[in-house]
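So the sequence shown is numbered by the numbering used here: it starts at 8 and just counts up by one.
No residue lacks a Cβ here, since even glycine has one placed at the ideal position from N, Cα and C.
Please read all numbers here as calculations on a predicted model, not as lab measurements.
Report on the structure given below.
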Amino acid sequence: LRKVTLSGKAGAGKTSVGKALAEKMGVPFISAGSLARKEAQRRKVSIGRLQELIVLEGGKYDEWLDGEMRRMADELDGFVMDYRLGFHFLPDVPSILLEVDSEEGYRRIAAQQREVEFSKGNSHEQFRKQIEKRNSDMRDRFKRIYGVDFFQPGNYCYSVDTTDRSLEQTVDQILQWIG
């Protein structure tokens, strides 16, 4: 198995697990989240504001991103891809849902000092609410546009709750599943 997609809420470990898993598998790591952060920087807005703009633009960004992810998947012989909709757009690629308790997801993002992704000057409680809103808005948007819910474990080949697992334990569990 040389191709895998990862999905999950903010803070579930998609990037950290994805990079470590890709290294162990000897394949590139591709991140939809990194593309979104670059787009937010290009527009000089927070990631939360970018999500709002994407909704106002009527899905043009989503179409572009989905096309880019499919193009990269077609071009590469192997990869680990952080792509919430990988299960939907790349149905022949095994998909893994990384689950996490909301508080742990928030703690991880705060520990990585990713607060800059959200509106500056807010309290920690406001930051937590922004993360919850980001997850909820994405879920609602994907349901509306594509008719799919990336929160549902049944959409995936495999799921791992990363809440109480170290990065190494999570990667090892996935590698065991991959075989």
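Residue pairing by DSSP places Met88 opposite Thr12 and Ile37 in a beta bridge. Counted as a single uninterrupted DSSP element, the beta strand (DSSP E) harbouring Asp168 occupies residues Tyr165 to Asp168. Of the candidates Thr22, Asp69, Phe36 and Met32, the residue whose Cα lies closest to the Cα of Met145 is Asp69. Closest by C-alpha distance to Leu105, out of Ser143, Leu63, Lys140 and Thr169, is Thr169. In summary, Arg9 is exposed, with fewer than 16 beta-carbon neighbours lying within 10 Å of its beta-carbon over all protein chains present. Look at Ser130 here: in three-state DSSP terms it is coil, with no helix or strand label.
Within the same chain, Leu174 come within 6 angstroms of Ser23 by CB-CB distance, once the 5 residues on both sides are set aside. Counting only unbroken stretches of 4 or more residues, the alpha helix (DSSP H) elements lying wholly within the stretch 51-114 are 54-63, 67-82 and 93-96, in sequence order. Within its own chain, the residues whose Cβ lies closer than 8 angstroms to the Cβ of Arg172, once the five positions on either side in sequence are excluded, are Gln180, listed in chain order.
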